[in-house]
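This report concerns only the one structure given below.
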Amino acid sequence: IDNVNVFPLELNTMPGWAGSSWYWLRYMDPQNNDEFVSKEAEDYWQNVDLYIGGSEHATGHLLYSRFWNKFMFDRGLVQNDEPFKKLINQGMILGTSAFAHRLEGTNTFVSKGKIDGRKTQAIHADVYFVNASEELDIDAFKKWRPDFADAEFITEDNGKFIVTREVEKMSKSKYNVVNPDDICNEYGADTLRLYEMFLGPLEQSKPWNTAGITGVFGFLKKLWRLYFDDHGLVVTSNPASKDSLKTLHKTIKKVQDDVENFSFNTSVSQFMICVNELTAQNCHERSILEPLAITISPYAPHIAEELWHRLGHEGSISQVSFPKFNPEHLVESSKEYPVSFNGKTKFFIELPLDLSKEQIEETILKDERTTKQMEGKTPTKVIIVPGKIINIVM
0 IDNVNVFPLE LNTMPGWAGS SWYWLRYMDP QNNDEFVSKE AEDYWQNVDL
50 YIGGSEHATG HLLYSRFWNK FMFDRGLVQN DEPFKKLINQ GMILGTSAFA
100 HRLEGTNTFV SKGKIDGRKT QAIHADVYFV NASEELDIDA FKKWRPDFAD
150 AEFITEDNGK FIVTREVEKM SKSKYNVVNP DDICNEYGAD TLRLYEMFLG
200 PLEQSKPWNT AGITGVFGFL KKLWRLYFDD HGLVVTSNPA SKDSLKTLHK
250 TIKKVQDDVE NFSFNTSVSQ FMICVNELTA QNCHERSILE PLAITISPYA
300 PHIAEELWHR LGHEGSISQV SFPKFNPEHL VESSKEYPVS FNGKTKFFIE
350 LPLDLSKEQI EETILKDERT TKQMEGKTPT KVIIVPGKII NIVM
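Here the sequence shown stands for residues 0 to 393, where the numbers follow our numbering.
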């Protein structure tokens, strides 16, 4: 063995091949010195409920773990044919790269609007040198790399240098990486969490856009204002309105369903709808806002924890039971009917859903708006579809 033509055989392959291919079985019974997992432990834990990993895990890990599990299953050593019940490949967060275009064979950069068919080479520019208007900080760019120090720049007529953009994999080599620490320092960790979930479905690759994070930041401030104004806590013990109870329980139901389906982006959308509705309802009732804080806590744990303690509670909000959905609060007791005359809608009227056709007809014909539309005439027919429409035929 001279390490030039002859090399030692690599024998230390067990950690990569075997050690990482059956770990979930050992997790069930790690202190057992007689067998890798007892039958009692496996009966209790069973196989893994959910495996979340990038698509690269298919050949980097899952291929081996499934091989080992199936081998042990065939040998009667484990109870389940598959190691994982459900697999989710999370999508990648993509970066929006910035490009400064350099005229071929020169060290002259030309702004986006001045390219005009010229042959250029697209050079990655650090996204931290580019503002929301796609304007490049020329001084920072020139100081960035020595070969750009003497570069010349053909700018737009207004003196600005505009870059082009392209969505790519977020990578240091493409200079499009957004440091999450910077986002947390400026907007808070909950804003980062919510925005990442809000970008799209879990399994879909999603382009990052820092400009869009301000909307989520604004939502959290609006949530806070349900609990506090400039003078302090505004939460009351007054009874909640039917509308607020409906908004709350609609949100609880939606979030429960979304968690089961890993649809976190639509949960965030529902939270935004909920806060907008509660704000419009001028809701500050404790019976609404406490369950809301619990419901949003898995998504925005830091602000939820702060709200929980400021509401007078001890202990962590993460230890509190999730609110129970009550379908009674979603039952509609009335319906806003469109009232049409010869098929043309003229006005709307709110009526109880338990009215019979005869009662609906009697009520609508007595309405002064109906009298005005009929102009003293007698209707030939009144068409009523309970819960849907009213059409008066003249």
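Where is the CB? At the ideal position from N, CA and C, for every residue including glycine. Note that the coordinates shown come from a computational prediction; the quantities given were computed from them, not determined experimentally.
Looking at Asn325, Trp223, Phe227, Val233, the one whose alpha-carbon comes closest to that of Lys245 is Asn325. With a contact defined as Cβ atoms closer than 8 Å, Asp180 and Leu219 miss out at about 19 Å. For Thr119, the secondary structure class from DSSP, reduced to helix, strand or coil, is strand.
In the DSSP assignment, Leu86 is bridged to Tyr50. Under the Cβ criterion (8 Å, minimum of three pairs), the region 104–119 does not count as touching the region 220–235. A Cβ-Cβ separation of about 31 Å leaves Met196 out of contact with Tyr63 under the 8 Å criterion. DSSP places Glu34 outside both helix and strand once states are collapsed to three, so it counts as coil. When secondary structure is reduced to three states using DSSP, Tyr298 falls in the coil class, being assigned neither helix nor strand. Distance from the CA atom of Ala40 to the CA atom of Asp28, rounded to whole angstroms, is 6 Å. Residue ranges of uninterrupted beta strand (DSSP E) with 3 or more members, entirely inside the region 279–340 and ordered along the chain, are 333–340. For His248, the CB contacts under 8 Å within the same chain, skipping 5 residues up- and downstream, are Phe324, Asn325, Pro326, His328, Leu329 in chain order. Taking a 10 Å sphere around the C-beta of Asn157, we find fewer than 16 other C-beta atoms and assign the residue as exposed. Going by DSSP, Ala97 is part of the beta strand (DSSP E) stretching over 92–102. Residue environment for Pro290: buried (at least 16 other C-beta atoms within 10 angstroms of its C-beta). Bounds of the beta strand (DSSP E) holding Lys168 are 163–168. The continuous stretches of beta strand (DSSP E) do not include Phe147, and DSSP gives it neither H nor E. About 6 Å separates the beta carbons of Val47 and Pro82, which is inside the 8 Å limit, making them a contact pair. Gln45 and Asn31 have their C-alpha atoms roughly 17 Å apart. Non-local beta-carbon contacts of Leu222 in its own chain, meaning distances under 6 Å to residues more than five positions away in sequence, involve Val274 in chain order. Note that the C-beta distance between Val177 and Leu93 is not below 7 Å. Its chain contains Gly187, Ala188, Asp189 as the residues whose beta carbon lies nearer than 8 Å to that of His301, once the 5 sequence neighbours on both sides are disregarded; these appear in chain order. Around Ser54, the same chain offers Asn88 as residues with beta carbons nearer than 8 Å, after the five sequence neighbours per side are excluded. Using a Cβ distance threshold of 7 Å, Thr294 and Val319 do not count as a contacting pair.
At least 7 Å separates the beta-carbon of Leu201 from that of Phe270. Of the other Cβ atoms in all chains shown, fewer than 16 fall within 10 Å of the Cβ of Val5; this residue is therefore exposed.
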